[in-house]
Structures are given as structure tokens and as C-alpha cells.
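These notes concern the structure reproduced below.
Number of protein chains: 2
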Amino acid sequence: MKNEPYKTYLDESELPQAWYNMRADMKKKPAPLLNPATLEPVTAAELERVFCKECVRQELDNDTAYIPIPEPVREFYRMYRPSPLVRALVLENALGTPDRIYYKFEGNNTSGSHKLNSAIAQAYYAKEQGLSDVTTETGAGQWGTALSMASAFFGLKCHVYMVKCSYEQKPFRREVMRTYGAEVTPSPSMSTEAGRRINAEFPGTTGSLGCAISEAVEAALKLPNARYLLGSVLNQVCLHQSVIGLETAAALEKLGEKPDVIIGCAGGGSNLSGLIAPFVGRKLRGESDCRIVAVEPASCPSLTRGRYAYDFCDTAKVCPLAKMYTLGSGFIPSASHAGGLRYHGLSPVLSELYDQKIIEATSVGQTRVFEAATLFARTEGTLPAPESAHAIRAAIDEALRCKESGKEETIVFGLTGTGYFDLKAYASYNDGTMDDTVPSDEDLEKGFAALPKMEKA
Amino acid sequence: MKNEPYKTYLDESELPQAWYNMRADMKKKPAPLLNPATLEPVTAAELERVFCKECVRQELDNDTAYIPIPEPVREFYRMYRPSPLVRALVLENALGTPDRIYYKFEGNNTSGSHKLNSAIAQAYYAKEQGLSDVTTETGAGQWGTALSMASAFFGLKCHVYMVKCSYEQKPFRREVMRTYGAEVTPSPSMSTEAGRRINAEFPGTTGSLGCAISEAVEAALKLPNARYLLGSVLNQVCLHQSVIGLETAAALEKLGEKPDVIIGCAGGGSNLSGLIAPFVGRKLRGESDCRIVAVEPASCPSLTRGRYAYDFCDTAKVCPLAKMYTLGSGFIPSASHAGGLRYHGLSPVLSELYDQKIIEATSVGQTRVFEAATLFARTEGTLPAPESAHAIRAAIDEALRCKESGKEETIVFGLTGTGYFDLKAYASYNDGTMDDTVPSDEDLEKGFAALPKMEKA
């Protein structure tokens with residue numbers, strides 16, 4: 000093995016003081032959220048009915064490049080951050096690649112993923128606003144776990160609407176949330192109007208993320224002193240997650256490394272936007288030409304096969320309209336699709352960056368993803384989350400491409416989390432029963448046909 | 000919060016070069032293992048039929064204080080070590096204690112615990128000896144996971160006999176092992192004589208650790224090119240685990256801290272012996288008078304209520320006899336008892352240290368353990384393994400005692416692992432259905448009556 004350090008840890012004192020807001024460096028800004036009734040840009044006042052005040056300010060701020068991280072949030076970050084940047088020496092060796100491969104590991108906290116970075120910030124703002132309760136939805140469970148932890152820390156009551164199939168298949172995820180004091184309800188439930196409507200329309204449905212969002216928003220509006228918190232897609236979330244990329248950039252600088260390509264998996268976009276934020280900034284300012292690659296599942300290909308259009312964020316259509324690469328808010332990936340990355344669209348800011356060709360995208364099939372995950376586990380030791388394994392797959396493919404061409408590159412990818420709660424998916428891979436179904440063109444057309452008509456009333 | 004760092008990481012270059020062997024500093028050595036047929040000390044040749052050659056050498060070496068860690072093992076250690084020593088600032092704050100509480104966290108690797116420290120060493124020696132296969136048993140699953148990872152790394156085929164109730168209750172543990180290429184068999188199985196005998200005698204039995212050991216040993220003897228590896232109890236395991244304590248001592252020195260009390264949970268003794276090794280050395284050499292506390296479950300109290308006597312290590316009585324604090328090899332803790340720490344005895348070297356009053360012991364009930372685990376999870380963020388939570392309970396009790404007396408102490412405990420695969424146990428705590436059954440005196444007397452008669456034939 001090459002005689003180089005595996006892990007680079009920044010000191011706690013080197014933890015970023017401020018988040019970086021990519022939008023400030025974008026000449027063409029992401030399209031605004033629209034009120035679905037008027038098709039006018041939503042106002043702060045409208046958003047504040049649902050979201051925390053400070054989060055709304057951050058959501059709408061397209062100009063401030065650096066937004067200070069509040070001291071209590073930094074204090075919490077210090078418990079599990081700075082996270083390590085790891086040199087994948089054993090994987091490099093196994094691939095026989097001339098490349099240097101690094102990964103930023105966000106799974107070394109009990110939420111199991113990067114989701115905690117935004118959860119603790121949003122919980123802090125909720126507390127500061129004097130709220131007693133917060134509501135949210137969770138699919139695979141990582142966000143719900145993170146918000147339960149953050150809520151416990153700040154003494155907030157956390158109400159989680161968990162997609163029913165996930166609630167049933169992942170009792171342990173649910174139990175972690177309960178241990179952190181959260182109330183977990185399978186969605187669609189009978190306790191909200193949205194839930195009752197969906198249950199009536201689709202008896203026996205096992206739910207969807209869009210439906211759980213509708214329920215959580217409704218619950219926040221009905222509780223006396225609550226707001227709704229969201230773990231992905233929104234600008235504020237991308238902002239909070241920039242702590243990942245800022246640390247990555249600082250660690251690479253320490254190592255004297257300039258990345259040639261940066262790779263992240265893309266679901267709603269929370270991890271990807273965070274990992275790439277400072278590198279996107281450099282590209283926007285003309286200081287770098289490194290490649291930035293979003294990796295999505297072939298079964299939910301919002302960038303590589305989606306449309307860039309205004310769409311609904313949730314099933315019951317209670318949320319604002321967002322302009323994003325989307326498969327249509329009714330799109331549901333094949334039931335056999337493992338893990339997260341199931342959202343029908345991609346965050347507006349990432350969608351705009353993709354449209355501007357600042358970032359590129361690729362999609363990968365499920366079996367090849369788990370093949371990469373298994374190789375990674377056996378070489379680097381860490382059992383990756385299925386989501387993260389999309390980035391591993393793409394990083395391995397880049398490394399093999401370099402090996403062939405003899406080019407030496409520096410590859411950086413995001414290892415967003417661990418797969419300890421995703422072993423059902425590993426079991427189907429181990430049993431050879433994984434399926435690689437991708438949506439047909441007809442499936443996609445159906446989704447596009449349901450996109451909202453954008454003529455003003 | 001006090002303005003001090005949370006985490007102390009040693010540099011990879013500060014990773015210990017050698018393990019520390021406590022036995023070298025003991026005037027009175029642990030009693031030797033005996034051949035159950037002759038009651039004579041077992042010879043290296045006898046042990047080498049079952050264990051790897053180098054492991055046997057280490058097992059019998061009572062004199063060498065420092066045994067070099069082979070470079071390929073150090074190389075693997077560098078992937079996840081040095082592990083962090085964490086200051087429990089948020090927990091201290093919640094308790095309002097004047098103490099400084101530190102914990103050495105061994106859960107930041109995919110095996111989820113400290114078990115990997117010895118697994119990788121033993122797998123390396125197996126590989127060096129030219130073996131193709133290794134066998135072992137696992138109860139809660141941490142050791143089996145660790146050995147599966149280590150075997151994958153060195154290209155060995157790993158056969159795991161997993162206690163049947165655990166195999167059935169923890170399908171995800173099993174799946175991690177399969178992902179690392181291991182063959183996992185529920186024990187008692189029908190593929191060994193020991194298993195068939197136990198199945199015949201106790202139809203429908205859900206197995207025990209002692210029984211799984213018997214099967215794994217038998218399998219190693221029958222396979223053409225295999226040996227048996229064990230994750231606890233043995234001297235060699237205590238030796239390998241000393242890497243935990245050596246790092247802890249180095250980190251405390253960096254911080255200028257002198258521990259007043261060191262606390263570890265005690266099952267077979269692998270973590271405890273490792274954490275305390277250098278501190279025991281100091282006590283044995285008269286250089287320190289810090290307290291060292293072993294914490295065991297009240298439901299399996301081998302130190303606090305056991306006998307110091309020669310006993311069988313396994314159910315089928317194929318292993319050598321060991322002198323240890325024991326409840327008798329037939330003792331099985333209450334079915335409601337959560338997690339590991341179920342072994343009927345404690346490692347001979349720890350037993351001897353306890354007998355010499357170098358270490359002390361305490362036992363804690365299950366509900367209070369999970370109460371501590373939940374407080375720890377909500378303050379420090381990490382969801383602890385039930386095993387580790389025994390040490391947390393004792394550390395909290397020490398801190399509260401200090402708070403009362405106004406004494407300021409430095410408390411160090413071992414956080415051996417994470418509880419992500421133990422959520423069934425958390426569920427019973429969350430549901431209020433945990434039970435605190437402890438063995439009656441009659442139960443214990445039955446166990447003692449089954450201790451082997453030590454008259455030579």
C-alpha cells in the first residue's frame with residue numbers, strides 16, 4: 000500500500016464559521032418558488048406559515064455568499080464534525096488505478112448520514128423562534144432519524160410521518176426515532192385530511208414521500224406552535240449542507256490536492272449540493288474547471304431523463320411550485336428500487352446548475368451499484384448506504400476509465416452514510432434477486448403529462 | 000458548554016507499534032489452561048490443532064511485555080484507528096457533575112465494535128500460516144461481523160456458527176456477514192456432531208454461545224485447512240485489544256489528564272482487558288492507584304456472584320479448562336437479557352487481576368442500563384450498544400456520586416460499540432416491557448454444582 004495517511008481530520012477549531020450560499024455566485028439565479036394558486040413568487044409571509052422564520056430568510060436569500068453558523072449549531076457539529084476525508088488506498092489498490100480516490104465520510108454519527116447537518120440547524124431555528132413542536136416526513140428514514148436526534152437535543156417534540164412501506168420494513172429505524180423521543184406515524188395515516196383522502200382513493204397504499212410531505216405540512220399548520228422542516232430539495236438545506244464541501248475543500252488544500260472530478264449521489268440533492276458547493280463557487284467565478292458529476296439511479300432519472308419545468312413538490316399539492324428537473328409529482332420508482340433517491344425532482348438550485356452545464360449527470364443501474372457497494376465494503380471496510388453506493392459506482396467507473404487511458408486523476412466522492420438499516424436491499428443483491436427495472440418512455444410521458452399548466456388564472 | 004475539544008484523535012503515525020501483554024507485569028500469573036482429560040497444562044502442540052500457531056505462542060507467552068503488531072495488521076488498523084477519545088461535555092452538562100468524563104469510542108467501524116482489533120490480527124496469522132478457512136461462533140453478532148470483515152480482507156473463507164435465537168432475531172447481522180462473504184449457520188446445526196447431540200437432547204433449543212463454540216471448534220478440526228478463532232476470553236484476544244488502552248493512555252497524556260477511575264463492561268473480557276491494559280500495568284508496577292471497575296449485568300454476574308474455579312469454556316467440553324470467575328458452563332442468562340455479556344465466565348487474566356484486587360467489579364440491572372443508554376444517546380448523539388451501556392451506567396453513577404461529595408474526578412469509560420443492531424432491546428425499553436430478572440441463589444448453586452471435579456484420574 001502507498002505510504003500515505005488514510006484519514007485527514009481537520010481540527011475542531013477549523014470547523015467552518017459560515018455556510019456558503021452558491022446562489023450568491025450564480026449570475027442566473029434559480030427560478031423562484033411559486034404560489035400554486037396565483038403562480039406568483041411566494042412571499043416570505045406565505046412561507047412563514049409553514050417554515051421557521053430564519054429558514055425562510057435563508058430560503059429566499061440569493062445574495063449573501065456566507066451565512067454565519069450559529070454558535071449552538073457549531074457546538075453540536077463539534078460532536079461529530081469535522082468528518083474525515085478518507086483516501087481510498089485499499090480500493091485504489093484493488094482497482095489497480097493510477098488515480099487518487101478520496102471520499103468525504105458523513106456516516107460517522109448515529110443518524111447514519113449527512114442529514115444531521117441540516118436537521119440540527121433547522122431544529123435550532125425552531126427553538127429560537129419559541130416553537131414547541133416540529134413535523135416532518137421520512138422515506139428511507141435517515142432524515143427522520145436525524146431530525147429526531149436534533150429535536151431531542153433542543154427539547155422539541157418531533158412528529159415524523161414515515162412512508163408506510165418503510166415504517167413496516169424498517170422497524171429498527173422507527174425504534175431509533177422513538178428512542179430519541181419522536182412520535183412516528185405511518186403515512187398515509189387517518190389523522191390528517193391528506194392522509195384520509197389518499198387512503199380513500201388508494202385503499203391499501205403503502206405511501207410515498209410526496210404524500211408524507213402533505214401530511215407533515217398539514218400537521219404543522221394544525222398544531223398550535225409548530226412548523227414543518229424538510230431534509231432536502233430546499234435552498235436552505237443545500238446551504239446547511241455546504242459544511243460538507245467546505246470541510247472537503249479545506250482538507251484537500253491541506254493535502255495539496257486539486258480535484259479533477261467530484262462525484263455525489265443525487266436524490267433531492269441535499270448531499271450533492273453540500274459536497275460540491277465551494278467547488279461550484281470556484282467554477283462560477285471562473286477559478287476552476289473541475290468536473291462535477293451527479294449520479295442518480297436509472298430507476299428514478301430526474302436529471303438524465305426528466306424535464307426542467309415547474310412542478311408540485313408533494314402529492315396533495317399543498318407546497319409551492321418549484322422549477323426543477325422532474326419526472327412529475329406522481330412518479331413513483333419501481334418498488335424494487337432500494338434505499339433513498341426516490342424523489343421525483345431535484346433541488347431547484349442544482350437543477351439550474353445542471354441547466355447551466357456547471358454540473359453533469361449520469362445514471363446507474365441497481366445491480367452495478369450493489370456490486371460497487373460490496374467491493375467497497377470488502378476493501379475500505381465501511382458498508383455504504385445504497386444511496387452513497389451510487390457515487391461509489393461512478394467513482395469506480397471513472398477510476399477504471401483513467402486506468403485504461405493511463406491518465407492520473409484526483410477523484411473525490413461523497414460517502415453520505417452507512418447501510419446498516421438497508422440490509423434488506425443487500426439481501427436481495429446477495430440472493431441474486433435484485434431487479435434493474437427502469438421506467439419506460441411511456442411511464443415518463445405519463446409523469447410529464449401531469450406537470451402543472453403554467454397559465455395564470 | 001466548556002470550551003474544550005470534544006474529540007481527541009491521535010495521528011495515524013501514533014498508532015501503537017506493539018501490543019502490551021499485562022501478564023508480563025503480573026507477579027502471580029493467570030492459571031494455565033488444562034487438558035480436561037489429564038488435568039495437565041495444555042501444550043502448544045495440543046492447542047495448535049485448534050488455534051493458529053502464532054496465536055498459540057501469544058496465548059502461552061506470560062513474559063514478553065510488548066509484542067510487535069505485524070505491519071499488515073497496523074495497515075488495516077489505520078483504516079479505522081486510532082479511534083477517538085471523546086470528552087462527554089454534553090453529558091457532563093446534563094448531569095451537572097464537576098467531573099471530567101471521557102470515553103474511548105470503538106464503534107466507528109462497520110463491525111460496530113472493538114472486536115475488529117483482534118479479528119484482523121487473528122485472520123492475518125491464519126493467512127500467514129497458509130490456511131484457507133477459519134471458523135468461529137457468534138452470539139450478538141459483533142464478533143462474527145468483525146471476523147467476516149477481516150476474513151474478506153485477507154481472502155479467507157469464514158464459517159460462522161451463530162446462536163440460533165440471534166440468527167433468527169437479527170437477520171441484518173447475518174446479512175452483513177454474508178455481504179462480507181461469510182457462510183453463516185444457525186447453531187445448534189445438524190452439520191456437526193455437537194450440534195446434532197444438542198438438538199437431540201434439547202429439541203427446539205435456540206442455542207447458546209457455549210454450544211456454538213463446540214460446533215465451530217469441531218468444524219475447524221474437520222475442515223482440511225482451517226483453524227478456530229475466538230473473539231474473547233483468551234489471553235491472545237486480551238493482548239490484541241490492548242491497542243484500545245494504549246491509545247487511550249496516549250490521548251490522556253496529550254490532554255494532561257490522569258484518570259481517577261477507568262470503567263469497562265465485562266462479558267468475556269475482550270474490551271475490558273484491552274481498555275485497562277496499560278493502566279493495570281501501572282498499578283502492577285506500583286506507578287498508579289487509579290480505580291479500575293468491571294461492570295457486568297446483574298443477570299449474568301460472573302465476577303460479583305461467581306466462583307473462581309476451573310471450568311469448561313464450552314458446552315460440549317471440547318475446549319481446555321480455564322480457571323476463571325464463572326457461573327458454571329451450563330449457566331444461561333434470562334432470555335429477556337439484551338445484547339452480549341452472556342458468557343458464563345470471565346477471561347482468566349481478568350479473573351486473576353480481580354482476585355488480586357487490582358480491579359474491582361459492580362453489577363447493574365437492565366432497566367437502569369437502558370435508562371443510561373437513552374440519556375447518553377440524547378446528549379452525546381451516539382446510540383450505544385447495550386453492552387457499552389453497562390459502562391455508561393456505571394460512569395454516570397460515579398459522576399453523580401462525585402457531584403454529591405463535591406469531588407472532581409477524571410472518569411474514563413469504554414464505549415465499545417453502537418446499538419444499531421440491538422433495537423429490539425431498545426424497543427422493549429421504549430415499550431416499558433424490559434424485565435430485570437436476576438438469577439436466584441438456587442440457580443447459581445446449580446451452576447456451581449456442575450463445575451468440573453479437579454481430581455486427576
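Residue numbers (numbering that gives the first Met the number 0), protein chains in the order written: chain A, 0 to 456; chain B, 0 to 456. Glycine included, C-beta positions come from ideal geometry on N, C-alpha and C.
Close to B/P385, with beta-carbon spacing below 9 Å, lies no residue of chain A; the smallest spacing is near 12 Å. Under a 10 Å Cβ-count criterion, B/G405 is classified as exposed, with fewer than 16 other Cβ atoms of the shown protein chains found around its own Cβ. When only Cα atoms are considered, A/V260 and A/G280 end up about 15 Å apart. Under the 8 Å criterion on CB atoms, A/K114 is classed as non-interfacial with respect to chain B. Using a Cβ-Cβ cut-off of 8 Å, A/R177 counts as an interface residue toward chain B, since at least one Cβ of chain B sits closer than that to its own. Taking C-beta atoms under 8 Å as the contact rule, A/T373 and B/T109 fail to qualify, at a distance of about 12 Å. Rounded to the nearest whole angstrom, the CA to CA distance from A/T135 to B/F420 is 25 Å. Per DSSP, the beta-bridge partners of B/I66 are B/W18. Under the Cβ criterion (8 Å, minimum of three pairs), the region 53-69 of chain A does not count as touching the region 324-342 of chain A.
Within the model, the alpha-carbon separation for B/L9 versus A/A215 is close to 44 Å. Residue environment: B/P385 is assigned as buried (16 or more neighbouring CB atoms within 10 Å of its CB, all protein chains considered). Of the candidates A/P35, A/E58, A/T37, A/K6, A/E58 places its Cα closest to the Cα of A/A43. DSSP places A/M323 in no alpha helix (DSSP H) but in the uninterrupted beta strand (DSSP E) bounded by 320-325. As DSSP reads the structure, A/S112 sits in a beta bridge with A/G416. Three or more beta-carbon pairs separated by less than 8 Å are not found between the region 96-114 of chain B and the region 23-39 of chain B, which leaves the two stretches without contact. In the three-state scheme derived from DSSP, where H, G and I count as helix and E and B as strand, A/V85 is classed as strand. In the DSSP secondary-structure assignment, B/V260 is bridged to B/R290, B/I410. For B/F171, a Cβ of chain A is located within less than 8 Å of the residue's own Cβ. For A/T37, the number of other beta carbons within 10 angstroms of its own is below 16, and it is reported as exposed. 8 Å or more divides the Cβ of A/G154 from the Cβ of A/G339. Taking the Cβ atoms as the reference, A/Y324 lies roughly 11 Å from A/Y342, outside the contact range of under 8 Å.
If you compare the alpha carbons of A/G431, A/Y309, A/S186, A/I410 with that of A/L33, the shortest gap goes to A/Y309.
At a cut-off of 8 Å between beta carbons, A/P15 makes no contact with chain B.
The continuous beta strand (DSSP E) containing B/P185 extends over residues 182-186. Runs of the beta strand (DSSP E) lying entirely within the region 186-251 of chain A, each at least 3 residues long, are 225-227 in chain order.
In this structure, the straight-line span from the alpha carbon of B/Y353 to that of B/Q121 is close to 27 Å. B/T303 is a Cβ neighbour of B/S362, given a cutoff of 8 Å. Between A/S188 and A/C157, the alpha-carbon positions lie close to 16 Å from each other. Within the same chain, and ignoring the five residues on either side of A/A145 in sequence, the residues whose Cβ sits closer than 6 Å to its Cβ are S110, K114, L115, A118. Counting along the chain, A/C157 sits inside the beta strand (DSSP E) bounded by residues 156-162.
For A/D132, the three-state secondary structure derived from DSSP is strand. Selection A/N224, A/P223, A/I212, A/T247 evaluated against A/G230 yields A/I212 as nearest (Cα-Cα). The beta-carbon separation of B/L283 and B/I357, rounded to 7 Å, stays under the 8 Å limit for a contact. Chain-ordered, the chain B residues with CB closer than 9 Å to the CB of A/G380 read F75, M78, Y79, N108, T109, S110, L115, M148, F152. For A/T137, the nearest beta carbon of chain B is not closer than 8 Å to its own beta carbon.
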